[in-house]
Amino acid sequence: MNFLWALFIAGQIISAGNMNYQQEMGYYEINFIYGNHPSKEQVYITKAVEIGVVYGLTKLLPKYEKEIVSFASGVCWGFIMTDRVKGIKLGLRF
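One gets our numbering by counting positions in the sequence shown from 1 and adding 50 to each.
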(Lines of atoms letter the chains of each structure in order from A and count residues from 1; the text may use other names and numbers.)
(Lines give C-alpha, C1' and ligand atoms only; values in the text may rest on other atoms or scores of the structure.)
Protein backbone atom coordinates (compact mmCIF):
# COMPACT_ATOMS: atom_id res chain seq x y z
CA MET A 1 0.00 0.00 0.00
CA ASN A 2 2.85 2.41 0.76
CA PHE A 3 4.08 1.98 -2.81
CA LEU A 4 0.71 3.12 -4.18
CA TRP A 5 0.73 6.21 -1.97
CA ALA A 6 4.32 6.98 -3.01
CA LEU A 7 3.39 6.58 -6.67
CA PHE A 8 0.38 8.88 -6.26
CA ILE A 9 2.28 11.58 -4.37
CA ALA A 10 5.22 11.40 -6.79
CA GLY A 11 2.77 11.86 -9.64
CA GLN A 12 1.27 14.91 -7.96
CA ILE A 13 4.72 16.44 -7.42
CA ILE A 14 5.77 15.80 -11.02
CA SER A 15 2.42 17.07 -12.28
CA ALA A 16 2.80 20.32 -10.30
CA GLY A 17 6.36 20.87 -11.47
CA ASN A 18 5.45 20.05 -15.04
CA MET A 19 2.45 22.39 -14.97
CA ASN A 20 4.63 25.24 -13.74
CA TYR A 21 7.21 24.46 -16.42
CA GLN A 22 4.56 24.45 -19.14
CA GLN A 23 3.29 27.85 -17.99
CA GLU A 24 6.80 29.27 -18.37
CA MET A 25 7.07 27.75 -21.86
CA GLY A 26 3.90 29.53 -23.01
CA TYR A 27 1.35 26.75 -22.72
CA TYR A 28 -1.95 27.44 -21.04
CA GLU A 29 -4.40 25.34 -19.07
CA ILE A 30 -7.78 24.27 -20.38
CA ASN A 31 -8.80 23.04 -16.93
CA PHE A 32 -11.61 25.22 -15.54
CA ILE A 33 -10.33 24.76 -11.97
CA TYR A 34 -7.01 26.45 -12.70
CA GLY A 35 -7.90 28.98 -15.37
CA ASN A 36 -5.57 29.70 -18.30
CA HIS A 37 -2.49 30.73 -16.34
CA PRO A 38 -2.51 29.53 -12.72
CA SER A 39 0.11 30.80 -10.28
CA LYS A 40 2.58 28.36 -8.75
CA GLU A 41 0.82 28.80 -5.41
CA GLN A 42 -2.54 27.92 -6.94
CA VAL A 43 -1.04 24.77 -8.48
CA TYR A 44 0.53 23.70 -5.16
CA ILE A 45 -2.64 24.39 -3.18
CA THR A 46 -4.80 22.47 -5.64
CA LYS A 47 -2.43 19.49 -5.60
CA ALA A 48 -2.44 19.50 -1.79
CA VAL A 49 -6.25 19.57 -1.80
CA GLU A 50 -6.32 16.68 -4.27
CA ILE A 51 -4.05 14.63 -2.00
CA GLY A 52 -6.23 15.56 0.99
CA VAL A 53 -9.41 14.48 -0.81
CA VAL A 54 -7.91 11.11 -1.71
CA TYR A 55 -6.66 10.67 1.86
CA GLY A 56 -10.10 11.59 3.22
CA LEU A 57 -11.81 9.10 0.93
CA THR A 58 -9.49 6.34 2.09
CA LYS A 59 -10.33 7.13 5.71
CA LEU A 60 -14.03 7.27 4.91
CA LEU A 61 -13.90 4.01 2.93
CA PRO A 62 -10.90 2.09 4.33
CA LYS A 63 -12.04 -1.15 2.72
CA TYR A 64 -11.39 0.44 -0.70
CA GLU A 65 -8.11 2.23 0.03
CA LYS A 66 -6.14 0.27 -2.56
CA GLU A 67 -8.70 0.93 -5.27
CA ILE A 68 -9.06 4.62 -4.43
CA VAL A 69 -5.31 5.30 -4.41
CA SER A 70 -4.76 3.18 -7.54
CA PHE A 71 -7.46 5.07 -9.42
CA ALA A 72 -6.22 8.49 -8.28
CA SER A 73 -2.65 7.58 -9.21
CA GLY A 74 -3.76 6.32 -12.60
CA VAL A 75 -5.62 9.56 -13.31
CA CYS A 76 -2.63 11.65 -12.22
CA TRP A 77 -0.10 9.71 -14.30
CA GLY A 78 -2.56 9.55 -17.17
CA PHE A 79 -2.59 13.34 -17.41
CA ILE A 80 1.22 13.42 -17.32
CA MET A 81 1.42 10.85 -20.13
CA THR A 82 -1.28 12.62 -22.16
CA ASP A 83 0.93 15.71 -22.29
CA ARG A 84 3.80 13.58 -23.55
CA VAL A 85 1.63 12.03 -26.26
CA LYS A 86 0.63 15.53 -27.37
CA GLY A 87 4.32 16.36 -27.74
CA ILE A 88 4.54 18.65 -24.74
CA LYS A 89 8.00 18.35 -23.24
CA LEU A 90 8.17 17.11 -19.66
CA GLY A 91 9.99 19.61 -17.48
CA LEU A 92 9.98 20.58 -13.84
CA ARG A 93 9.80 24.01 -12.21
CA PHE A 94 9.27 24.33 -8.48
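All C-beta atoms in this analysis are idealised placements derived from N, C-alpha and C, irrespective of residue type, glycine included. Being a predicted model, the structure only gives us computed values, none of them experimental.
Fill in: As assigned by DSSP and simplified to three states, the class of Asn-81
coil
Fill in: Element boundaries [alpha helix (DSSP H), containing Asn-86]
Here Asn-86 belongs to no alpha helix (DSSP H), and DSSP marks it neither H nor E.
Worksheet item: What's the gap between the Cα of Lys-116 and the Cα of Gln-73?
Response: 33 Å
Practice prompt. Keeping to the same chain, check which residues put their C-beta closer than 7 Å to that of Trp-127; ignore five residues upstream and five downstream.
Written response: Gly-61
Worksheet item: Count the other CB atoms within 10 Å of the CB of Ile-118; is the residue buried (16 or more) or exposed (fewer)?
Response: buried
Item to complete: Please name the residue in Trp-55, Glu-100 and Ser-65 whose C-alpha comes closest to that of Thr-132.
Response: Ser-65
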